[in-house]
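Asker: If you read the sequences in order, they're chains R and B. First residue of the first sequence: 1, per the working numbering; consecutive thereafter. First residue of the second sequence: 1001, per the working numbering; consecutive thereafter. Think of the CB as a built atom: it goes at the ideal place given N, C-alpha and C, for glycine as much as any other residue. Just so it is clear, the structure is predicted and the values come from calculations on it, not from any experiment. Have a look at this one.
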Amino acid sequence: MIEFRDVHKYYGDYHALRGINATIRAGEFFSLLGPSGCGKTTLLRTIAGFEGISSGAVLIDGRDMEGVPANVRPTNMVFQSYAIFPHLTVEENVGFGLRRDPRSKADKARAVGDALTMVGLAGFGKRAAHALSGGQRQRVALARALILKPKVLLLDEPLSALDKKMRENMQVELIKLQRQVGITFILVTHDQEEALVMSDRVAVMFEGEIAQLADPETLYRRPNSRKVADFIGTMNFMPGRILSEAGGRVEVEAMGFGRVTLDQTQVMGAGTGEVAVGFRPETLTILFDGQAPQDRHSTATVEEVVYYGDMTYYDVRLEGADHTVRLSMRNVFGRPVLDIGTKAQVAWAPGALVLFR
Amino acid sequence: MRAPGLRAYAVIYLVFLYAPIILLPIFAFNDSRVVAFPLQSFTTGWFRQMAADQVLQTAVGNSLIIAFSTATFATILGLFAARASVRYAWPGKVPVMGLIMVPLVLPEMIVAVALLTVLLSMGVSLSIFTIILGHVLICTPFAVTILSSAFQSLDRSLEEAAYDLGETPASTFRLIILPLVMPGVIASFLICFTISIDEFIMSNFLGSGEPILSVYIFGNFRFPARVPSMMALGTVLVAVSITLLIIAEYFRRRGVARSGAKDTGGFL
């Protein structure tokens, strides 16, 4: 559908895109995720045609887009600022792209009405665009881009200007909308949670390169580097030492965990220096009174408690460890929140560990 | 906060600024050749004398042609320069934009004489066209300043959005950019028009003797008998200026309201 072939982009001496290779499938909700300045917006703009590339190729449906200007590419964009034309009405904004459409006036008006209904703004057509709220502007921008039935909808941080609650609502609405229209959505975001919630697949970018391209669960469970692991959610690290490596099994001695045998799929990177074992906060579980110890468990001391209502985060020190790690527990009615200084049994499964080398 | 000193200062300031202008209509309707108090009886004679003045009519006509042409050219040039400087990066932008703005601070007398010398050595004969040339030179920096601020407040993604929705660069300019900078265009036109109408130095140096309003007024003050009818003319000019200002403000406010921006103050 969309293919990047060794795409490079220079701004003078600045190397903004450093050899991007990726394929985005038709009908997929794809996200470009990374910190600001990683090149994610630049990459999105090379698809739209707002940004030229220095070398390589961008293909849409197998066709090289080199020299194809933005106004004839089969893509439409929802801008970060929404870019609603302030001097036009909602209707005129949504119908703007139909100006060159040969259909009759009545047909176009119906298309505009349908697009507005689709984004939940039926009856708003006659309003002045500047009189809308942030969320409504965003819906107008969506309707305006989707009315042209593009092959690809490009979304440049479309939710970053909305407040938390509105953002969460719009995330769900966007997913529904994408399923409904069935076209490829490419979202740029710096919010890892948003990328995980919305996407079929995510490309994590750092400094002009794609660090990892995977589905949200793989990104979360099996990040391919410490950097990706750090960027997505919270990941604890413990220093370790490889004891033996044979037949796809790696035996590691890790601080606080003792000897663990890991599968080859849990081993990330190919370095030969120091190694670290990583794990997510929810993979470490405090065993409360009466719970049977699992196959692997050790003793830990609670050093910090952060209460979030539905969850409690504990910073605990595993026996034999020189630093604390964070673990999260879902709060269950009737179970107490532990105090600082409490000694507890924590259980864990070797399968939840990832080895970074 | 009470500050009687500041209040008095403000009142004195305004009186100093506007009293001479208020005196204009008073003496324009005063039946005396001498511009002094006490006032004599009421008359509209000076206005009749002014209206009957054939040379004045030619001068007004010439000045209107000059001001209209100047405002049009300066605004078009300003539109190009402002767009180029705000939207694009190009080599030599800073010095080039600087050179466009320099006439704002150069002594106009020097510019006028220099321009005159160049035009004469090129063999160009003086006419109202050479006056327009001089006026465009001094009005363009004002047009560039006003239009640059209009372009600066324009979100760049608006034109990208129009382009993305299938419009060409030319139709994007016509449908999106121009309507949104229109208040700036009107403001630029009116300010250039006003500057041109009462501009004296260029009109005096670069003309070939055809009557021009500012030059004509200057010339007439040498004859005491003509002063009261100049007062009448001044009254008309003030009335026209205020009307223009109100029209400009009307368009500016309408522009602000249409684009939904916050009104941050204008002429009125």
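Whole angstroms is fine: what's the gap from Val72 of chain R's alpha carbon to Ile53 of chain R's?
Answerer: 18 Å
Asker: Can you list the alpha helix (DSSP H) stretches of 4 or more residues lying completely in the stretch 1149-1224 of chain B, in chain order?
Answerer: 1156-1164, 1169-1172, 1178-1197, 1201-1206 and 1213-1220
Asker: Which residues in the same chain as Gly351 of chain R place their Cβ atom closer than 8 Å to its Cβ, once the five residues preceding and following it in sequence are excluded?
Answerer: Within the same chain, Asp263 and Gln266 come within 8 Å of Gly351 of chain R by CB-CB distance, once the 5 residues on both sides are set aside.
Asker: Is any beta-carbon of chain R found at less than 9 Å from that of Phe1267 of chain B?
Answerer: For Phe1267 of chain B, the predicted structure reports a pLDDT of 48, less than 50, and the residue's modelled location is therefore unreliable. A value from the coordinates is still provided. When Cβ-Cβ separations below 9 Å define contact, Phe1267 of chain B makes no contact with chain R.
Asker: Output, in chain order, the set of chain R residues within a Cβ distance shorter than 8 Å of Pro1091 of chain B.
Answerer: Residues of chain R passing the Cβ test: none, with the nearest at roughly 13 Å.
Asker: Against chain B, does Ala16 of chain R count as a neighbour if the rule is that its beta carbon must be under 9 Å from one of theirs?
Answerer: no
Asker: Relative to chain B, which residues along the stretch 46-72 of chain R have a C-beta separation below 9 Å, given in chain order?
Answerer: The stretch 46-72 of chain R vs chain B, Cβ under 9 Å: Ala48, Gly49, Phe50, Pro69, Ala70, Asn71 and Val72.
Asker: Shorter than 9 Å from the beta carbon of Thr41 of chain R to some beta carbon of chain B?
Answerer: no
Asker: List the residues of chain B that Met77 of chain R touches, going by C-beta distances under 8 Å, in chain order.
Answerer: Glu1160, Ala1161 and Asp1164
Asker: From the DSSP output, in three-state form, read off Lys149 of chain R for me.
Answerer: In the three-state reduction of the DSSP assignment, Lys149 of chain R falls in the coil class.
Asker: Output the boundary residues of the alpha helix (DSSP H) element that contains Ala1074 of chain B.
Answerer: Gln1054 to Arg1087
Asker: Report the three-state DSSP secondary structure of Lys176 of chain R (helix, strand or coil).
Answerer: Here DSSP, grouped into helix, strand and coil, assigns Lys176 of chain R to helix.
Asker: What does a CB cutoff of less than 6 Å around Val1055 of chain B pick up in its chain, not counting 5 residues either side in sequence?
Answerer: The answer, listed in chain order, is Pro1211.
Asker: Which residue or residues does DSSP assign as beta-bridge partners of Pro239 of chain R?
Answerer: R:Ala276
Asker: Output, in chain order, the set of chain B residues within a Cβ distance shorter than 8 Å of Arg127 of chain R.
Answerer: Ordered by position in chain B, no residue passes the 8 Å Cβ test against Arg127 of chain R, which lies about 11 Å from the chain.
Asker: Which of the residues in the stretch 1145-1157 of chain B, read from start to end, lie with their CB under 8 Å from any CB of chain R?
Answerer: Asp1155 and Ser1157
Asker: On the three-state DSSP scale, how would you describe Phe30 of chain R?
Answerer: strand
Asker: To the nearest angstrom, how far is the alpha carbon of Phe237 of chain R from that of Val325 of chain R?
Answerer: 8 Å
Asker: Exposed or buried, what is Asn93 of chain R when buried is set at 16 or more other beta-carbons lying within 10 Å of its beta-carbon?
Answerer: buried
Asker: Is the shortest distance between the beta-carbon of Gly97 of chain R and the beta-carbons of chain B less than 9 Å?
Answerer: yes
Asker: Count the other CB atoms within 10 Å of the CB of Tyr1250 of chain B; is the residue buried (16 or more) or exposed (fewer)?
Answerer: The C-beta of Tyr1250 of chain B has fewer than 16 other C-beta atoms within 10 Å across all chains shown, which makes the residue exposed.
Asker: Going by alpha carbons, who is nearest to Asp156 of chain R out of R:Gly39, R:Val250, R:Glu66 and R:Glu91?
Answerer: The residue with the shortest Cα to Cα distance from Asp156 of chain R is R:Gly39.
Asker: Name the chain R residues that come within less than 7 Å of Ile1176 of chain B, Cβ to Cβ?
Answerer: Phe85
Asker: Can you list the alpha helix (DSSP H) stretches of 4 or more residues lying completely in the stretch 1088-1143 of chain B, in chain order?
Answerer: 1093-1101 and 1108-1121
Asker: Pro1183 of chain B: which of B:Met1202, B:Ala1150, B:Gly1092 and B:Phe1205 sits nearest, CA to CA?
Answerer: B:Ala1150
Asker: To the nearest whole angstrom, what separates the beta carbons of Asp1155 of chain B and Ala83 of chain R, a pair I think is in contact under 8 Å?
Answerer: 6 Å
Asker: When the Cα of Met77 of chain R is compared with those of R:Pro150, R:Phe279 and R:Ala128, which residue comes out closest?
Answerer: Of the listed residues, the one whose Cα sits closest to Met77 of chain R is R:Pro150.
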